[in-house]
Amino acid sequence: MVVLESIVPVLILIAFGKFLSVRKFFPEGFFKELNRLTYFWGLPALLIYKVAEIDLTNDSGIGILYTLLIVIVASMVIGYACVFIFKVPRDSIGSFIQGSYRGNLAFVGFPVVFFALGTEGLDLGMFASGFCILFYNITGVLILILHAKGQSQSPIKAIWHHGLRNPLILACAVGFTLNLLGIAIPVMARRSLESVGQLALPLALIGLGSGLRLSELKGQIGLSMVATGINVAISPVLGYFVGRWLGLDAVSLKVAVIFLACPTAIFSYVLADILGNDVVMARNIVILSTVFSIVSLVLAVALL
1093 MVVLESIVPV LILIAFGKFL SVRKFFPEGF FKELNRLTYF WGLPALLIYK VAEIDLTNDS
1153 GIGILYTLLI VIVASMVIGY ACVFIFKVPR DSIGSFIQGS YRGNLAFVGF PVVFFALGTE
1213 GLDLGMFASG FCILFYNITG VLILILHAKG QSQSPIKAIW HHGLRNPLIL ACAVGFTLNL
1273 LGIAIPVMAR RSLESVGQLA LPLALIGLGS GLRLSELKGQ IGLSMVATGI NVAISPVLGY
1333 FVGRWLGLDA VSLKVAVIFL ACPTAIFSYV LADILGNDVV MARNIVILST VFSIVSLVLA
1393 VALL
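For the sequence shown, our numbering assigns the number 1093 to the initial residue and increments by one for each residue that follows.
Next comes the structure, spelled out in structure tokens:
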């Protein structure tokens, strides 16, 4: 019953977003703007006040971070091994590797952790997620530049424009600065941030559901499935064993596994397009990982 109470609200919101999209309840382009609102304002508001108030010395938060980073690097290594095993085309390597390890913590991880574990779980996950979002953006840009088709853009300039200027990273930077300086957010400002941030969690899931379009799958589906499998199947299993090895408590372990069971971030598709990589494969991985992550997330909540 606890599992159902945790995961069913998530599935309902995703299904609700798909229903609204199919029924054309809103004008065309509405959900794109909704996702922009969530990405540029809702989730950053949540991150600012949460990160500003977390305990940076909490051993559980640090343990979650270590678990995530170890598994993320392992997933990247597995991804490159698969590049050689399955002979991934040269111009698809960047999209394949990024899709095999980059998780959608903000749009999927935060809402699922919140519904499954409440504020306690979300607070624990905030510390690790801030560093992981930064890691995802820097490594994602570097990998895509390394395997780009005729890309001559400076890596440092690309990281700044497409990685470090990410609103989620800027929000984490603000939150960590306030935290380290011991500056308390004024009550009126905090309540405003909290209201906008809480709005972002359900809107992120509704927007995610509205963008699920299996009809857009095409191209090398097999390779896209391999990258998807690494991201939403192998990663959470590795996360469980690494977390146990590091001695995470039950709640922290569940937070880490949920984060690692998240689908490939939607922004990876945008970056693949901007930086001259295989856009079709990037889109396939986002769609497939989103669909299959529903299974992995349900299992993560149910089995732990």
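By construction, the Cβ of each residue, glycine as well, lies at the ideal position given by its N, Cα and C atoms. Every value quoted in this text rests on a predicted model; they were computed, and no experiment measured them.
### Task
Look at the alpha carbon of Ser1377 and the alpha carbon of Gly1301, and state the distance between them as a whole number of angstroms.
Stepping through the sequence shown from its first residue, residue 1377 is reached at position 285. Stepping through the sequence shown from its first residue, residue 1301 is reached at position 209. Reading off the sequence, residue 1377 comes out as Ile, not Ser. Distance between the alpha carbons of Ile1377 and Gly1301 is about 16 Å.
#### Entry: Cα-Cα separation, Ile1230 to Ile1106
For the purposes of this step, residue 1230 is taken as the residue at position 138 of the sequence shown. For the purposes of this step, residue 1106 is taken as the residue at position 14 of the sequence shown. Between Ile1230 and Ile1106, the alpha-carbon positions lie close to 29 Å from each other.
### Task
Express the C-alpha separation of Ile1322 and Ala1166 in angstroms, rounding to a whole number.
In the sequence shown, residue 1166 corresponds to position 74, counting from 1. In the sequence shown, residue 1322 corresponds to position 230, counting from 1. Answer to the nearest angstrom: the Cα atoms are 10 Å apart.
### Three-state secondary structure (DSSP) of Thr1356
As a first step, residue 1356 is located in the sequence shown; it is residue number 264 there, counting from the start. Strand at Thr1356.
### Message
Suppose the cutoff is 7 Å on Cβ atoms and the five residues either side in sequence are ignored; what does the same chain contact list for Phe1384 look like?
### Response
As a position in the sequence shown, residue 1384 is number 292, starting the count at 1. Counting only Cβ-Cβ distances below 7 Å, and skipping sequence neighbours, we find Thr1320, Val1324.
#### Entry: Straight-line Cα distance separating Cys1264 from Val1143
Within the sequence shown, residue 1143 is the residue found at index 51, counting from 1. Within the sequence shown, residue 1264 is the residue found at index 172, counting from 1. A direct Cα-to-Cα measurement between Val1143 and Cys1264 gives close to 7 Å.
#### Entry: Three or more C-beta pairs below 8 Å linking the stretch 1133 to 1147 and the stretch 1264 to 1275
At 8 Å Cβ cutoff, the stretches touch.
### Message
Distance check for Pro1119 and Asp1339, CA to CA, integer angstroms please.
### Response
Counted from its first residue, the sequence shown places residue 1339 at position 247. Counted from its first residue, the sequence shown places residue 1119 at position 27. First, the residue type needs correcting, since residue 1339 is Gly and not Asp in the sequence shown. Our two residues, Gly1339 and Pro1119, have alpha carbons roughly 50 Å apart in a direct line.
### Query
Enumerated in chain order, which unbroken segments of the alpha helix (DSSP H) with a length of 4 residues or greater are wholly contained in the stretch 1297 to 1342?
Counting whole runs of 4 or more residues, the stretch 1297 to 1342 contains the alpha helix (DSSP H) stretches 1313 to 1321, 1327 to 1338.
### Message
Can you tell me whether Gly1213 is helix, strand or coil according to DSSP?
### Response
The residue you call residue 1213 lines up with position 121 of the sequence shown. In the structure shown, Gly1213 falls within a helical segment according to DSSP collapsed to helix, strand and coil.
### Query
Which class does Gly1121 belong to by DSSP, given the choice of helix, strand or coil?
Along the sequence shown, read from residue 1 onward, the residue named residue 1121 stands at position 29. Look at Gly1121 here: in three-state DSSP terms it is coil, with no helix or strand label.
### Message
Given a cut-off of 8 Å on the beta-carbon distance, is the pair Leu1309 and Thr1382 in contact?
### Response
Counting from 1 along the sequence shown, the entry for residue 1309 is found at position 217. Counting from 1 along the sequence shown, the entry for residue 1382 is found at position 290. No.
### Pick from Leu1330, Arg1375, Ala1296 that is closest to Pro1136, judged by C-alpha positions
Counting from one through the sequence shown, the residue named residue 1136 turns up at place 44. Of the candidates Leu1330, Arg1375, Ala1296, the one whose C-alpha sits nearest the C-alpha of Pro1136 is Ala1296.
### Query
Is the distance from the Cβ of Leu1389 to the Cβ of Ile1099 below 8 Å?
Taking the first residue of the sequence shown as 1, we reach residue 1389 at position 297. Taking the first residue of the sequence shown as 1, we reach residue 1099 at position 7. In contact: Leu1389 and Ile1099 (Cβ atoms closer than 8 Å).
### Task
For Lys1179, count neighbouring C-beta atoms within 10 Å of its own C-beta (all shown protein chains included) and say buried if the count is 16 or more, exposed if not.
The sequence position of residue 1179 within the sequence shown is 87, counting from 1. Its Cβ having fewer than 16 others within 10 Å, Lys1179 is exposed.
### Query
If you drop the 5 nearest sequence neighbours on each side, which residues of the same chain put their C-beta closer than 6 Å to that of Pro1259?
The residue given as residue 1259 occupies position 167 in the sequence shown. Closer than 6 Å at Cβ, skipping near neighbours: Phe1132, Pro1136.
### Query
Expressed to the nearest angstrom, what Euclidean distance is found between the alpha-carbon atoms of Leu1160 and Val1349?
Taking the sequence shown and counting its residues from 1, one reaches residue 1160 at position 68. Taking the sequence shown and counting its residues from 1, one reaches residue 1349 at position 257. If you draw a straight line from the Cα of Leu1160 to the Cα of Val1349, it comes to about 9 Å.
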